[in-house]
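Asker:
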Amino acid sequence: MNIPSQLRCLFAGTVEERNDSYVIEVPKQELQTGSLQADAMYRVALLSLPTDTESPQSETEPQSNRGPQEPPVTEGEQRIVDIEDLGDQGDGLARVERGFVVIVPDTEVGERVTVEITDVRENVAFAEVVARGSSSE
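In terms of the numbering used here, the sequence shown opens at residue 243 and continues consecutively.
What follows is the structure, encoded as structure tokens:
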């Protein structure tokens, strides 16, 4: 998957039916952080998540009642990740819980690497490689 530089935010949400429409709520924090503006037009992409990465919360509980989700990684944490794709700048992209993206420079698609998370933002994290392995390990 190619992640364009125009990406403004990335979050998990639930499609809800309201009257004669379907609605995806945008968390208030997305507008407060300055990445989005109210009443502006945006393209929306919907990606399905594998069932093993979906939230363990009840499927009947509305997204608006769950509150904002914290990033699933923390600074200083080490993880083994698989590089799934390359971003526009050539950095490796790995996905962890809920499809959360971790950007890892100096990696290639198919690599399995141990990384240390160096910076965590609301919608993305950055990491540095601390050890390399192969995706077949």
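All C-beta atoms in this analysis are idealised placements derived from N, C-alpha and C, irrespective of residue type, glycine included. Since the structure is predicted, the reported quantities are computational estimates derived from the model, not experimental observations.
Are the CB atoms of T356 and G334 nearer to each other than 8 Å?
Answerer: For the 8 Å CB-CB criterion, T356 and G334 do not form a contact.
Asker: When the Cα atoms are used, what is the spatial distance from F342 to D262?
Answerer: 31 Å
Asker: Within the same chain, show all residues whose beta-carbon is closer than 6 Å to that of P347, passing over the 5 residues directly before and after it, in chain order.
Answerer: D333
Asker: Applying the criterion that 16 or more other CB atoms from any shown protein chain within 10 Å of the CB defines a buried residue, is A192 buried or exposed?
Answerer: Residue 192 lies beyond the stretch modelled for the chain, which goes from 243 to 379, so this question has no answer here.
Asker: Which one or two residues does DSSP pair with E317 in a beta bridge?
Answerer: E317 pairs with nothing; no bridge assigned.
Asker: What's the C-alpha gap between E358 and V371?
Answerer: 7 Å
Asker: Does the distance from the CB of P314 to the CB of E353 come in under 8 Å?
Answerer: no
Asker: So the candidates are K270, Q311, I345 and V286; which of them puts its Cα closest to the Cα of A280?
Answerer: K270
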